[in-house]
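Below: one structure, written as structure tokens.
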Amino acid sequence: MARITRRAALRKPAKSGTEFRLEYLNRHRFERQSFDKAIIVTGATENHGFHLPMGTDTFAAYAVAEETAKRVDGALLLPPIPFGVSDQLMPFPFTITLTAETLAQVIFEVAESCLVQGIRKLLLVNGHGGNNSAIDVAMRKIRRLYPDVKMAASLAWWISGPKLLPEGTFAKDYGIGHAGEAETSTALYLVPDYVDMDAAKGEWPASPKEVRLLATIPELSVSGATGDPTPATAEKGRLLVTALADYLARFIKEMDRTGWKFNRENWSFLDR
Ligand SMILES: [Zn+2]
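Numbering (the working numbering), first residue to last: -14 to 257.
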């Protein structure tokens, strides 16, 4: 069982605008602040069609997490975990995958390190759909072993973000797809020099509504992309990252205000 070696709550709360990215903090600067929450980012290193960089999912999730951390007090942003569960894309270069079991263990051990350091509120921002089963296993294990720890997760920025924007912002189906309109817009906003729109092509593989298929991407797509990236713009990417960060910041602020109780009757403050 972890022993609490550091009482974050005894130090002054970190104000928005000060350094909150763990990899940039030295011990002196870290100890001048107080962090009572940590944000864990899970990404992926995988093929994103011909036009998007391999780190697209990591860049997007990290940007959402960074913007969220800027908007709240006391949130420590951890360096992103760059590898995810990407076995469905292994046939395409240059994908690197962990098994779900490994990623679940990595998330668990990162979270447990935070607990040992005295942080007991955790937000995970995920960048890649293949990671979700691992995140679920890790969260359940954390809750089982540390019942007083509060952990929440944003599992799918590429779905949640577009749904927070006015209908019609994206051309079709909320811009969905692997390297589709939403992802491509976000990459155009975050890493424009690494997006090759001349190579962006859409494919719309069909799937049954009520049956889950665990298909590899080559069974579904020639390019390795799905959806239609061609209407993507950097502005849509900015709107998406901002909307999701605003949403997560509202969540954290309200949780801070009300003692991180998950049994509230009304969550409508998130719908603003
Ligand atoms: Zn992606």
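All residues carry an ideal CB built from backbone N, CA and C; glycine is no exception. All values reported here derive from a predicted model rather than from experimental measurement.
How is R12 classed by DSSP in three states: helix, strand or coil?
helix
Do you know whose CA, among I25, T215 and K221, lies nearest L175's CA?
K221
Alpha-carbon spacing of F68 relative to L173, whole angstroms:
22 Å
According to DSSP, residues forming a beta bridge with G160:
The partner list for G160 (beta bridge, DSSP) is empty, contrary to what the question assumes.
If you reduce the DSSP assignment to three classes, tell me which class A217 lands in.
coil
Of the choices R257, A85 and E97, whose alpha-carbon is the least far from that of N117?
A85
Cβ atoms of P78 and N32: under 8 Å apart, would you say?
yes
Spatially closest choice to L7 from E250, V95 and A141, by CA coordinates
V95
Beta strand (DSSP E) segment containing L109, residue limits:
K106 to N111
Taking only the alpha-carbon atoms, compute the straight-line gap between T171 and S71 and give it to the nearest angstrom.
20 Å
Using a Cβ-Cβ cutoff of less than 6 Å, which residues in the same chain neighbour L74 once the five nearest sequence positions on both sides are dropped?
E31, N32, T80 and I202
Closest by C-alpha distance to K246, when choosing among V57, K106 and V180:
K106
Measure from the alpha carbon of A217 to the alpha carbon of each residue in V134, H163 and V196, then state which is nearest.
H163
Report the rounded CA-to-CA distance for N251 versus A46, giving the unit in angstroms.
27 Å
Could you give the uninterrupted runs of the beta strand (DSSP E) lying entirely in the stretch 22 to 71, keeping only those of 3 residues or more?
22 to 27 and 60 to 62
Would you call the stretch 204 to 213 in contact with the stretch 226 to 235, where contact means no fewer than 3 C-beta pairs closer than 8 Å?
no
What are the boundary residues of the beta strand (DSSP E) that includes K135?
K135 to S139
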